[in-house]
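Enquirer: Each residue of the sequence shown is one higher than the one before, counting from 225 in my numbering. Where is the CB? At the ideal position from N, CA and C, for every residue including glycine. Fair warning: this is a prediction, and the values are worked out from it, not measured in the lab. Supplied in structure tokens, the structure appears directly below.
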Amino acid sequence: MYEDGLPPLRDVISQYELNARKSLGQNFLTDLNLTGKIARCAEGLGGSSLKDSIIYEVGPGPGALTRALLMEGAHRVVAVEMDPRCIEALTQVQAAYSGRLNVIEGDALKVNEQELIGDTEGRPVKIIANLPYNVGTALLVKWLTLKNWLPWYSSLTLMFQKEVGMRIIAEPRTKAYGRLSVLGQYRADARIMFDVPARAFTPAPKVTSCIVALTPKAEQGDTPKQAILERVVYAAFNQRRKMLRSSLKALGGNPKPFLEAADIKETWRAEELTVADFCRLARAYEK
Ligand code: SAM
């Protein structure tokens, strides 16, 4: 038994026969000390405490992170899980934390999170999750491209493959710099909190993971439309080895006039542009 009176995660996994499914990106954590450390990364992030916040978790699995969030005092946890076996395994956590854990069966890519969370009583919402690797990037993009900005959540604390984490925080003129870096840094302040070795998971994946903390950034003055920025960034990185005068032709027509208007050299390549350069370019293209 652990501090929360619930059985060790390894026992939960064997009791509910949770043999990991690759198709669901299942690599489970079993150490509550580690998940406690992940939960505490979200403390104070985006200006809100865990105790005051409602936590939205994707893929609670057998519940290692969910239990840590509840032990750390999260006001309420709303979790979306696709695997019915895990939902059954979580019933004992729900019983131990009466009224503080809602588990919903669904696909996190498709759900409307705000509807699931329901009345927040004015509390901030934090997204905290050990994301399934196969949909982790798509979920981050979903949360960073919301129409209404600032978004409905105050912070994101997410586990990714290290390689994805490095792409999110990458600087221009590096190999890792790409669409995810521009989108991530345009919308949020992002940093890597710590690495999580493969051996921490059951089964162990092939790669190291990391925890990334993101807080949404307010839009500044003359920002381009999100959809336009995305189009420009996509076109530029889709042919990242080509010069912009050539890669941006994919937007239709001759890109030279708006490259010039944005004061960006037509011989540059996508990876040489900062996030601010991309914003200027998108605004010039918009016009
Ligand atoms: N949070 C648990 C932990 O840390 O041990 C499990 C993490 S595991 C990497 C990812 C979890 O997400 C699995 O439980 C899996 O069933 C679930 N999952 C996979 N795809 C999903 C989706 N599209 N929507 C909701 N849950 C999903």
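Does the ligand SAM have even one heavy atom less than 7 Å from the beta-carbon of proline 284?
Expert: In the sequence shown, residue 284 corresponds to position 60, counting from 1. The answer is yes for proline 284.
Enquirer: Report yes if the C-beta distance between glutamate 490 and methionine 467 is below 8 Å; otherwise report no.
Expert: Here residue 490 refers to the residue found at position 266 of the sequence shown. Here residue 467 refers to the residue found at position 243 of the sequence shown. Yes. Within cutoff.
Enquirer: Just to check, is the beta-carbon of glycine 389 closer than 7 Å to a non-hydrogen atom of the ligand SAM?
Expert: Numbered from 1 along the sequence shown, position 165 holds the residue referred to as residue 389. Glycine 389: no, Cβ never under 7 Å from the ligand SAM.
Enquirer: Does at least one heavy atom of the ligand SAM sit under 7 Å from the Cβ of aspartate 188?
Expert: With the chain covering 225 to 511 only, the question about residue 188 has no answer from this structure.
Enquirer: Alpha helix (DSSP H) containing valine 457: first to last residue?
Expert: Locating residue 457 in the sequence shown gives position 233, counting from the first residue. 450-462 is the extent of the alpha helix (DSSP H) around valine 457.
Enquirer: Does lysine 366 come out as helix, strand or coil in the three-state DSSP assignment?
Expert: Taking the first residue of the sequence shown as position 1, residue 366 is located at position 142. Here lysine 366 sits in helix by DSSP.
Enquirer: Is glycine 323 near the ligand SAM, with its Cβ less than 7 Å from a heavy atom?
Expert: The residue labelled residue 323 in the question sits at position 99 within the sequence shown. No, since every heavy atom of the ligand SAM falls outside the 7 Å radius drawn around the Cβ of glycine 323.
Enquirer: CB of cysteine 265 to nearest heavy atom of the ligand SAM: below 7 Å?
Expert: Your numbering for residue 265 matches position 41 in the sequence shown. Cysteine 265: no, Cβ never under 7 Å from the ligand SAM.
Enquirer: Going by DSSP, name the residue or residues bridged to leucine 233.
Expert: In the sequence shown, the residue the question calls residue 233 occupies position 9. Leucine 233 pairs with nothing; no bridge assigned.
Enquirer: Tell me the start and end of each unbroken alpha helix (DSSP H) in the segment 330-356 that is at least 4 residues and wholly inside, in chain order.
Expert: Fully enclosed alpha helix (DSSP H) runs of 4 or longer: 337-341.
Enquirer: Is it buried or exposed, threonine 315, if we count other Cβ atoms within 10 angstroms and call 16 or more buried?
Expert: Indexing the sequence shown from 1 puts residue 315 at position 91. It counts as exposed.
Enquirer: Between the segment 330-337 and the segment 300-310, do at least 3 Cβ pairs fall closer than 8 Å?
Expert: With the cut-off at 8 Å, the segment 330-337 and the segment 300-310 touch.
Enquirer: Within the same chain, show all residues whose beta-carbon is closer than 6 Å to that of valine 456, passing over the 5 residues directly before and after it, in chain order.
Expert: Here residue 456 refers to the residue found at position 232 when the sequence shown is read from its first residue. Closer than 6 Å at Cβ, skipping near neighbours: Leu505, Ala506 and Tyr509.
Enquirer: So, at 7 Å on beta carbons, what are the nonlocal neighbours of leucine 374 in its own chain, with the 5 sequence-adjacent residues on each side left out?
Expert: On the sequence shown, residue 374 is found 150 positions in, with the first residue counted as 1. The residues are Pro440 and Ala442.
Enquirer: Hey, out of Met417, Gly360, Met390 and Leu325, whose CA is closest to valine 406's CA?
Expert: On the sequence shown, residue 406 is found 182 positions in, with the first residue counted as 1. Minimum Cα distance to valine 406 is reached at Met390.
Enquirer: Looking only at C-alpha atoms, which of Gly229, Ala414 and Ala474 sits nearest to isoleucine 435?
Expert: Stepping through the sequence shown from its first residue, residue 435 is reached at position 211. The option with the nearest alpha carbon to isoleucine 435 is Ala414.
Enquirer: Is serine 238 helix, strand or coil when you go by DSSP?
Expert: Along the sequence shown, one-based indexing puts residue 238 at 14. Helix at serine 238.
Enquirer: Looking only at C-alpha atoms, which of Lys371, Ile452 and Ile278 sits nearest to glutamate 170?
Expert: Outside the shown range of the chain, which is 225 to 511, sits residue 170, and nothing can be said about it.
Enquirer: How about alanine 292: is its Cβ closer than 7 Å to a heavy atom in the ligand MG?
Expert: Within the structure as shown, the ligand MG is missing, the only ligands being the ligand SAM.
Enquirer: Between which residues of its own chain and valine 388 is the CB-CB distance below 7 Å, once the five residues before and five after are set aside?
Expert: The sequence position of residue 388 within the sequence shown is 164, counting from 1. For valine 388, where only same-chain residues beyond five positions count, the Cβ hits under 7 Å are Gly360 and Thr361.
Enquirer: Relative to the C-alpha of glutamine 385, which residue among Asn358, Pro448 and Gly402 is closest?
Expert: Along the sequence shown, read from residue 1 onward, the residue named residue 385 stands at position 161. Answer by Cα proximity: Asn358.
Enquirer: Who are the near neighbours of phenylalanine 332 in its chain, counting only those whose CB is closer than 8 Å to its CB and skipping five residues on each side?
Expert: Counting from 1 along the sequence shown, the entry for residue 332 is found at position 108. It should be pointed out that residue 332 corresponds to alanine in this sequence rather than to phenylalanine. For alanine 332, where only same-chain residues beyond five positions count, the Cβ hits under 8 Å are Val282, Gly283, Val304, Met306, Val359 and Leu363.
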